[in-house]
């Protein structure tokens, strides 16, 4: 298991972010706010969407092990639990899929 927090290892961070290449394609609902016909998303809304996606991706990577996920992200275990509750993330020991649906 990775022992260096992700933000302190630029190579791992780069490779991890590249793993998101298919998460937000150009047709993603996340980007619909750019359209003049729809309400734009605030920076906070976009940050929340991305944070939730990252948490789900990391939890999937560590097979739901919250201690490993917290270490990987360089945050406290309790902080991770607060974020899991905030975003109502449900998971098991199997891979988790991230599907963004507007309005959630």
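In this note's numbering, the protein residues as written are 38 to 141. The beta carbon of each residue, even a glycine, is placed where N, CA and C say it ideally should be.
When DSSP labels each residue in this structure, what does residue 98 get in the three-state scheme? Locating residue 98 in the chain shown gives position 61, where the first residue counts as 1. Residue 98: helix per DSSP, three-state reduction.
So, with DSSP's three-state summary, where would you put residue 124? Your numbering for residue 124 matches position 87 in the chain shown. Coil at residue 124, not helix or strand.
Option in 105, 107, 100, 111 with minimal Cα separation from residue 128: Position 91 of the chain shown, counted from the first residue, corresponds to residue 128. Closest option to residue 128, Cα to Cα, is 100.
Residue 94 and residue 124 - do their beta-carbons sit closer together than 8 Å? Mapped onto the chain shown, residue 124 falls at position 87. Mapped onto the chain shown, residue 94 falls at position 57. No. Outside cutoff.
Buried versus exposed, by CB contacts within 10 Å (16 or more), residue 120: Position 83 of the chain shown holds residue 120. Counting Cβ neighbours within 10 Å, residue 120 comes out buried, since at least 16 surround it.
Opening and closing residue of the alpha helix (DSSP H) in which residue 113 lies: Reading the chain shown from its first residue, position 76 is the one you call residue 113. Segment: none, residue 113 is in no alpha helix (DSSP H) and carries neither H nor E.
Could you tell me if residue 117 is buried or exposed, where buried requires 16 or more neighbouring beta carbons within 10 angstroms of its beta carbon? On the chain shown, residue 117 is found 80 positions in, with the first residue counted as 1. Under this definition residue 117 is a buried residue.
Residues near residue 107 by beta carbon distance below 8 Å, same chain, minus five either side: The residue you call residue 107 lines up with position 70 of the chain shown. So the list reads 113, 114, 116, 117, once near-sequence residues are dropped.
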